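The next block holds one structure in the form of structure tokens; read it before the comments.
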Amino acid sequence: MVMTFRSKTPQVDLNTHPIQQGALQLVPESIARKYIVIPLVVADGALKVAMADPGDISTIQVLEARARMRVEPMLASSADIRSCIDRNYKKYAEIEQQFEPVESGAAAVREQEKSLAEAVAEAPAVRALDMLISEAVKHRASDIHIEPQEDALRVRYRIDGVLQDTVSLPLSAHGPLISRIKILASMNIADHRPQDGQFSLIVQNREVNIRVVTIQSMYGQMSVLRILDKSFGALELPETGMLPGPLGKYQSMLRSPFGMILLSGPTGSGKTTTLYASVNGMDHKTRNVITVEDPVEYRLRGINQIEVNPKGGVTFATGLRTILRLDPDVILVGEIRDGETAEIATQAALTGHLVLSSVHANDTVGSLFRLLDLGVGAFYLSSAVVGVVAQRMVRKVCPHCRHFTQAPAEAQLAYNKELGEDRTEFSYGKGCPACAGTGFLGRTAVFEILAVSEEIRRLLLTGASAAQIRARAREEGMVSMWRDGMLKAKTGITTPCEVVRNVYCIE
Numbered sequence: 060m061v062m063t064f065r066s067k068t069p070q071v072d073l074n075t076h077p078i079q080q081g082a083l084q085l086v087p088e089s090i091a092r093k094y095i096v097i098p099l100v101v102a103d104g105a106l107k108v109a110m111a112d113p114g115d116i117s118t119i120q121v122l123e124a125r126a127r128m129r130v131e132p133m134l135a136s137s138a139d140i141r142s143c144i145d146r147n148y149k150k151y152a153e154i155e156q157q158f159e160p161v162e163s164g165a166a167a168v169r170e171q172e173k174s175l176a177e178a179v180a181e182a183p184a185v186r187a188l189d190m191l192i193s194e195a196v197k198h199r200a201s202d203i204h205i206e207p208q209e210d211a212l213r214v215r216y217r218i219d220g221v222l223q224d225t226v227s228l229p230l231s232a233h234g235p236l237i238s239r240i241k242i243l244a245s246m247n248i249a250d251h252r253p254q255d256g257q258f259s260l261i262v263q264n265r266e267v268n269i270r271v272v273t274i275q276s277m278y279g280q281m282s283v284l285r286i287l288d289k290s291f292g293a294l295e296l297p298e299t300g301m302l303p304g305p306l307g308k309y310q311s312m313l314r315s316p317f318g319m320i321l322l323s324g325p326t327g328s329g330k331t332t333t334l335y336a337s338v339n340g341m342d343h344k345t346r347n348v349i350t351v352e353d354p355v356e357y358r359l360r361g362i363n364q365i366e367v368n369p370k371g372g373v374t375f376a377t378g379l380r381t382i383l384r385l386d387p388d389v390i391l392v393g394e395i396r397d398g399e400t401a402e403i404a405t406q407a408a409l410t411g412h413l414v415l416s417s418v419h420a421n422d423t424v425g426s427l428f429r430l431l432d433l434g435v436g437a438f439y440l441s442s443a444v445v446g447v448v449a450q451r452m453v454r455k456v457c458p459h460c461r462h463f464t465q466a467p468a469e470a471q472l473a474y475n476k477e478l479g480e481d482r483t484e485f486s487y488g489k490g491c492p493a494c495a496g497t498g499f500l501g502r503t504a505v506f507e508i509l510a511v512s513e514e515i516r517r518l519l520l521t522g523a524s525a526a527q528i529r530a531r532a533r534e535e536g537m538v539s540m541w542r543d544g545m546l547k548a549k550t551g552i553t554t555p556c557e558v559v560r561n562v563y564c565i566e
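In terms of our numbering, the sequence shown opens at residue 60 and continues consecutively.
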């Protein structure tokens with residue numbers, strides 16, 4: 060019976076299979092050694108675990124009780140498992156071991172406040188932060204979250220848009236680590252009010268810029284580090300994920316000599332990437348392209364980029380006013396946040412300039428109503444706007460371990476309802492070394508592109524509702540983000556589950 064069970068259990072090569080940091084946090088080293096198991100990865104709500112005896116139901120039950128999730132066993136030899144335990148638990152223990160236990164309580168906090176400058180000079184904090192950033196870059200993380208809890212310091216990475224537990228450090232690490240971050244980011248280490256800063260460093264022979272935010276939370280100061288890898292240049296528009304039809308429509312908008320093109324979506328939805336790709340493909344030799352951004356995330360060759368600096372008197376509004384005196388052809392405004400910026404951008408679009416910008420809205424039609432809410436008149440808005448793009452990010456199926464499997468019932472229903480196809484199996488990733496066992500590798504965007512036609516201009520002028528404008532846009536061929544996502548699931552780029560998870564469906 061055991062041999063039959065083993066023959067059906069997938070084998071794993073622990074010498075090449077990556078170990079997800081968050082998985083290690085679910086099973087303590089003592090339990091891993093006692094039961095000769097090694098947690099590999101958390102995927103699709105299950106913890107994959109390498110076991111010498113995958114048929115040991117009692118061990119699986121212990122692991123499920125500890126991890127509080129379903130366990131999927133994989134087969135590996137006892138020797139390989141023990142060696143893997145030594146390598147991986149030791150790696151993350153090295154970060155923890157940088158910090159010796161210190162006195163707890165208010166007295167320790169006061170003492171730490173007195174010696175913050177000395178604390179950041181301690182080698183443990185320096186080494187620990189270097190290791191955390193290096194691992195984050197290695198795993199393609201976009202953000203590092205450092206969060207004090209009641210009894211530990213939690214560190215998480217955001218990889219492909221999903222937060223993953225990385226390591227749990229002793230609370231004694233909190234003060235030195237936050238202070239080290241503040242020193243690098245040129246912040247006031249004694250000030251617990253919200254602060255922003257940045258610093259750059261070379262990681263794995265690549266220039267990396269780190270944007271830092273700190274704020275006081277219930278258990279102390281938390282910090283988020285946004286990682287911007289300068290080695291990555293701006294994408295070309297076809298690389299953003301636009302399908303051929305929407306891509307052609309958007310490129311036609313960009314050829315307009317004047318007018319406004321808006322991009323919408325929440326933070327982290329890829330708006331800046333699309334804006335950069337839009338201006339990166341323009342003729343920089345015969346056109347003056349100027350941007351005002353907060354912050355300048357990537358340097359674009361041949362484009363004049365201005366960074367918002369409120370302390371220096373440069374806001375989106377003041378920067379935009381100045382740009383209009385610099386003989387621009389194309390203006391990129393990072394974000395329209397207020398009525399003043401909205402008004403200036405609209406006037407610029409009406410006076411012979413092509414203006415690209417972003418707003419926070421759920422979809423394309425919502426973007427138009429957002430500008431109305433900011434005080435732009437319907438006449439000026441309908442005259443200025445050429446088109447609107449809304450987008451969301453979804454994870455891409457790993458091409459190295461792609462296989463067909465049945466999707467959950469909810470995802471099947473959503474797909475079948477949108478595309479009218481009775482389909483149950485879709486491309487999913489099994490999990491492999493290339494994707495760190497997650498089944499996903501990289502992300503792409505799903506888009507909704509609205510070209511503002513004469514009929515839509517008329518609807519705006521007559522005070523039509525969002526539902527009426529949306530219905531007309533669909534009659535004219537607009538593909539919703541929901542449908543665009545399901546079309547990408549159809550071709551195996553992503554999964555219907557990813558579309559359901561990330562895209563808001565407006566009936």
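Where is the CB? At the ideal position from N, CA and C, for every residue including glycine.
On a predicted model such as this, the values are computed, not experimentally measured, just so you know.
Check the Cα spacing between Asp-224 and each of Leu-230, Pro-305, Gly-81 and Gly-114: the tightest is with Gly-81. Assignment of beta-bridge partners to Pro-207 by DSSP yields Leu-212.
Beta-bridge analysis with DSSP links Ala-109 to Ile-97 and Met-133.
Under the three-state reduction of DSSP, Gln-527 is assigned to helix.
Around the CB of Asn-147, 16 or more other CB atoms lie within 10 Å, so the residue is classed as buried. Looking at the backbone, the Cα of Arg-454 and that of Val-100 are separated by about 17 Å. The alpha-carbon separation between Val-389 and Glu-399 amounts to approximately 19 Å. Sequence-distant partners of Gln-70 (beyond 5 residues in either direction) whose C-beta falls short of 8 Å from its own C-beta, in its chain, are Met-133, Leu-134 and Ala-135. Taking a C-beta distance under 8 Å as the contact criterion, Leu-334 and Leu-391 qualify as a contact pair. Here Glu-295 is exposed: its Cβ has fewer than 16 other Cβ atoms, across all protein chains shown, within 10 Å. Taking C-beta atoms as the reference points, Ile-119 and Val-130 count as a pair closer than 8 Å. Bounds of the beta strand (DSSP E) holding Leu-284 are 279-288. When secondary structure is reduced to three states using DSSP, Ile-116 falls in the helix class.
Rounded to the nearest whole angstrom, the C-alpha separation of Gln-254 and Glu-469 is 43 Å. Between the alpha carbons of Thr-273 and Pro-183 lies a distance of about 21 Å. Listed in chain order, the non-local C-beta contacts of Glu-535 below 7 Å within the same chain comprise Ser-512, local neighbours out to five positions each way being set aside. The continuous beta strand (DSSP E) containing Ala-449 extends over residues 444-456. Excluding the 5 residues flanking it on each side, Tyr-439 has same chain C-beta neighbours closer than 7 Å at Thr-405 and Leu-409, in chain order. Between Ile-508 and Gly-307, the alpha-carbon positions lie close to 11 Å from each other. Counting C-beta pairs with one atom in each stretch, the stretch 488-499 and the stretch 445-463 have three or more that are closer than 8 Å, which means they touch. Annotation: the continuous alpha helix (DSSP H) that includes Leu-409 extends over 398-409. Counting C-beta pairs closer than 8 Å gives fewer than three between the stretch 414-428 and the stretch 355-362, which falls short of the contact rule.
Apart from the 5 residues on each side of it in sequence, Gly-411 sits with its Cβ closer than 8 Å to the Cβ of Pro-316 and Phe-317 in its chain, given in chain order.
In this structure, Arg-141 places its C-beta atom within 8 Å of the C-beta atom of Ile-95.
Rounded to the nearest angstrom, the Cβ distance from Pro-369 to Tyr-278 is 30 Å, too far for a contact under 8 Å. According to DSSP, residue pairing for Thr-464 in a beta bridge involves Phe-485. In this structure, DSSP gives Asp-255 an extended state, which the three-state scheme calls strand. When the beta-carbon positions are compared, Val-448 and Leu-322 come within less than 8 Å of each other. Distance from Arg-451 to Val-505 at the Cβ level is roughly 5 Å; contact confirmed, criterion being Cβ atoms closer than 8 Å. Less than 8 Å separates the beta-carbon of Val-338 from that of Val-348. By the criterion of a C-beta distance shorter than 8 Å, Ile-269 is surrounded in its chain by Ile-192, Leu-243, Ala-244, Gln-257, Phe-258, Ser-259, Leu-260, Leu-284, Arg-285, Ile-286 and Leu-287, once the five residues flanking it on both sides are discounted.
By the CB criterion at 8 Å, Val-445 and Met-537 fall outside the cutoff. Ser-282 sits buried, since 16 or more C-beta atoms from the chains shown fall within 10 Å of its C-beta. 8 Å or more divides the Cβ of Tyr-474 from the Cβ of Pro-387. Taking Gly-501 as the centre and dropping the five residues before and after it, the same chain places the C-beta of Lys-455 closer than 6 Å to its C-beta, in chain order.
Rounded to whole angstroms, the Cβ separation of Thr-68 and Pro-113 is 4 Å, and the two are in contact under 8 Å.
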